[in-house]
Amino acid sequence: MKVVVDEEKCVAAGQCVSAAMDVFDQRDEDGVVVLLTESPPPELADAVRTAAAVCPALAIRIEE
Amino acid sequence: MAEYPTARDGKCPFAPPAELLEHAPVAPARIWDGSTPWLVTSHAAQRAILSDPRVSVDEKRPGFPFPTRAMAETVDHRPLTIFNADGSEHARIRRTMTSPFTRNRMEKLRPAIQQITDQLIDKMLAGPKPVDLVTALSLPLPSLMICELLGVPYTDHEFFQEHATVAVKRDATAEESLAGMQALGGYLGKLISDKMAEPANDVLSDFATRVTAQELTLADATLLCMVLLIAGHETSANMITLGTAALLENPEQLALLRNNPEPPVVASAVEELLRYLTIPHLGQRRIASEDIEIEGVTIRAGDGIVVPLPAGNWDPAAFPEPERLDLTRDARHHHAFGWGVHQCIGQQLARIELQVVYGTLYRRVPTLRLAIGRDELEFKGDSLAYGVYELPVTW
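For the record, the sequence lines run as chains E and B. The first sequence maps to residues 18 to 81 in the working numbering. The second sequence maps to residues 14 to 408 in the working numbering.
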C-alpha cells in the first residue's frame, strides 16, 4: 500500500490523525497533514483506508 | 411541491421529520421566500454535492437560499469570512484559523476540560435539586473551555460568560444581543491588543502575532475570535443537553456508556450521538456556480441548494436502522460536522469536550434522571442549532 497526500487540498480537519495516528500528523503552524510514512505496514492498512474515507477534503489517495 | 423545513413529530423529537426522510435524494422543495432550491437528502448525494468545486457558499450570488429572512436582509452587513468564501480565498482564510484546532493541541486541553467538568459537577451536586442542566453544565462548560483556549484571564471569566450567553439567549431583545456582541467585541479587541505587547501561549496571542506581522487587521482578528466563540458555544451546549436527554430515553445505551468508560467506547458513543442528534439541523446552504449532473437531475448554474444534514445521518443506506441509538455502531462517516472543505473547524475541540462530559457526567451521577415528564421538554425547532431550552434534572 502506498499513501499519497495532497497538501493543497487539506483543510486540517484532523480526522486522518484520529483514524491512523501512526501514519498521519498535522503541522503546528496550520494543521495541514504530515505523512509520517508512505508505505504503512499491513496491520495499519484498515486504519489508513478509514483515514482516506473520513478526510472531508478527499486529500488522501491510496495505491493498493 | 415539498416544503422545507417541516416540523418534527412530537412523539419522537429526536427523529428528523418523516417527509424529509422520504424526500428523493435530490429534488426541489419550497423554502420561506417561495423559492425552490434543490434539497439534497441522501448520504451519498450530500457527499458528492458538499465536495463539488462547482458548489459555492457565496451568499451574494443572486438566488442564494438563505435560511431566514433576517440572514437575507443583512447580507450586505457581513464581510468575507470563512463561512462565505470559496476556493483559494476560503483556503487562505481557513489556514489562518486552523493551527489552534489540531488533534494534538486539543488532546493537551483534555486535562483542563476534565477539571472544569468535574468542578461544575461538584457545584451542581452540592446545590439544590432539581436543577437545569443547561445552566449548571451545558452552557458554562463550552464558555469556560473557549476562555481556556482563547486565553481569557480567569478574573474575566464571569464577564465573558455573561456576555457570551446573551448572544445565544432566545428571549434576548435585538438591543440586548447587539449590546452583548459589542461589549464582547470591544473586550476581545482590547485583549488582542494587550497580547500584541505581551504574547502568551494561547489563541488570542496567535492572532495578535499575526496582527503585529500585518497578516490580518485587528478588526478581522476580533471578528474571527467572535466567530470561534459563537460557533462553538451553543452547538456544544446543545449536544451536552440533548445527548443527556437521548441517553435518559435509552437506558440500556446509557448503562453501556456508564459501565464502560474506556476511551474507544466513549469515542464511539460520541460519534453515534453526533449522528443521531445532528444539531445543525436547518440545512447547509449552497448555490451552484455551474451546471451539475447528479442522481438523474441537472442542477443549473445559479440554482440554490439546501443540504439538511439530519437526512444524510438517518439514511439507512449509510446507517442501517438509523432510528436506533446504538453507541457501538461505526458512525464515523456521519455529517454532523458537515462534509467538504467547509467541515467544522472546531470539530476536534467538540469531540474532546463531549468525550470528557459523556465519559464523566453519568459515571459521577449514576442516578441522574429527568425531573419533569419527557413530554414537557421544549425543543428548539426553529433554532439553527437543535436542542432543548431547559433540562430539569435530579438524582
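Think of the CB as a built atom: it goes at the ideal place given N, C-alpha and C, for glycine as much as any other residue. Treat the numbers as computed from the prediction; the structure is a model and nothing was measured.
Check, Outcome
"Where Phe-350/B sits in the DSSP three-state scheme", "coil"
"Chain-ordered residues of the segment 101-112 of chain B with a beta carbon less than 7 angstroms from chain E", "Arg-107, Arg-108, Thr-111 and Ser-112"
"Three-state secondary structure assigned by DSSP to Ser-69/B", "strand"
"Proximal residues of chain E, C-beta to C-beta of Phe-114/B below 8 angstroms", "Ala-29, Gly-31 and Gly-48"
"7 angstroms Cβ shell around Ile-126/B - same chain, five flanking residues per side excluded", "Met-158, Ile-365, Glu-366 and Val-369"
"Interface flag, Ser-206/B vs chain E, CB-CB below 8 angstroms", "no"
"Ala-61/B in three-state terms, based on DSSP", "helix"
"Burial state of Cys-25/B, where buried means 16 or more other Cβ atoms lie within 10 Å", "exposed"
"Member of Val-88/B, Arg-271/B and Ile-106/B whose CA lies at the smallest distance from the CA of Glu-228/B", "Ile-106/B"
"Where the beta strand (DSSP E) containing Pro-41/B begins and where it ends", "39-43"
"Assumed close pair Asn-263/B, Tyr-399/B - CB separation to whole angstroms, cut-off 8 angstroms", "No, Asn-263/B and Tyr-399/B are not in contact; Cβ-Cβ is about 17 angstroms, not under 8 angstroms."
"Chain B contact residues for Leu-75/E, given Cβ-Cβ distances below 7 angstroms", "Ser-64"
"The alpha helix (DSSP H) enclosing Gln-227/B, as first and last residue numbers", "Neither: Gln-227/B is in no alpha helix (DSSP H) and is coded neither H nor E."
"9 angstroms Cβ cut-off: residues of chain B touching Asp-45/E", "Ser-112, Thr-115, Asn-117 and Arg-118"
"Chain-ordered chain E contacts of Trp-352/B [CB-CB under 8 angstroms]", "Pro-73"
"Gln-59/B beta carbon less than 8 angstroms from that of Gly-325/B", "yes"
"Residues near Gly-202/B in its chain [Cβ-Cβ closer than 7 angstroms; skip 5 each side]", "Leu-231 and Thr-235"
"Neighbour list for Val-20/E in chain C, Cβ cutoff strictly below 7 angstroms", "Structure shown: chain C not included; protein chains present are E and B."
"Reference Leu-52/B; option with closest CA among Pro-66/B, Val-319/B and Phe-96/B", "Val-319/B"
"Separation of Leu-191/B from Phe-172/B, as counted between CA atoms", "16 angstroms"
"8 angstroms contact criterion, which Ser-281/B and Leu-340/B should meet: CB distance rounded", "6 angstroms"
"Chain E contacts made by the segment 320-347 of chain B, where a contact means CB separation under 7 angstroms", "Arg-345 and His-346"
"Best match in Thr-291/B, Ser-101/B, Lys-121/B and Glu-275/B for proximity to Thr-373/B [C-alpha to C-alpha]", "Glu-275/B"
"Integer Cβ distance of Ala-30/E from Ala-68/E, believed to fall under 8 angstroms", "11 angstroms between Cβ atoms; not a contact."
"Residue-level contact to chain B via CB, Ser-35/E, 8 angstroms cutoff", "yes"
"4 or more residues per run - each alpha helix (DSSP H) lying fully within the segment 73-120 of chain B", "82-86 and 100-108"
"Rounded C-alpha distance that separates Arg-74/B from Arg-299/B", "10 angstroms"
"Under 8 angstroms by beta carbon: chain B residues contacting Ala-68/E", "What Ala-68/E touches in chain B: nothing, since even the nearest Cβ is about 10 angstroms away."
"Nearest candidate by alpha-carbon position, reference Ala-268/B, set Pro-66/B, Thr-225/B, Leu-204/B and Tyr-371/B", "Tyr-371/B"
"Whole-number beta carbon distance between Leu-383/B and Val-406/B, since they are thought to touch under 8 angstroms", "6 angstroms"
"Asp-328/B burial status per 10 Å Cβ neighbour count (16 or more: buried)", "buried"
"Alpha carbon of Trp-408/B to alpha carbon of Ala-28/B, nearest angstrom", "27 angstroms"
"Beta-carbon neighbours of Gln-360/B, restricted to chain E and to distances below 7 angstroms", "Ala-30"
"Proximity to Ala-301/B [Cα-Cα], best of Ile-292/B, Ile-253/B, His-294/B and Ile-312/B", "Ile-312/B"
"Where Val-144/B falls: helix, strand or coil (DSSP)", "strand"
"Chain E contact for Gln-368/B (CB, 8 angstroms cutoff)", "no"
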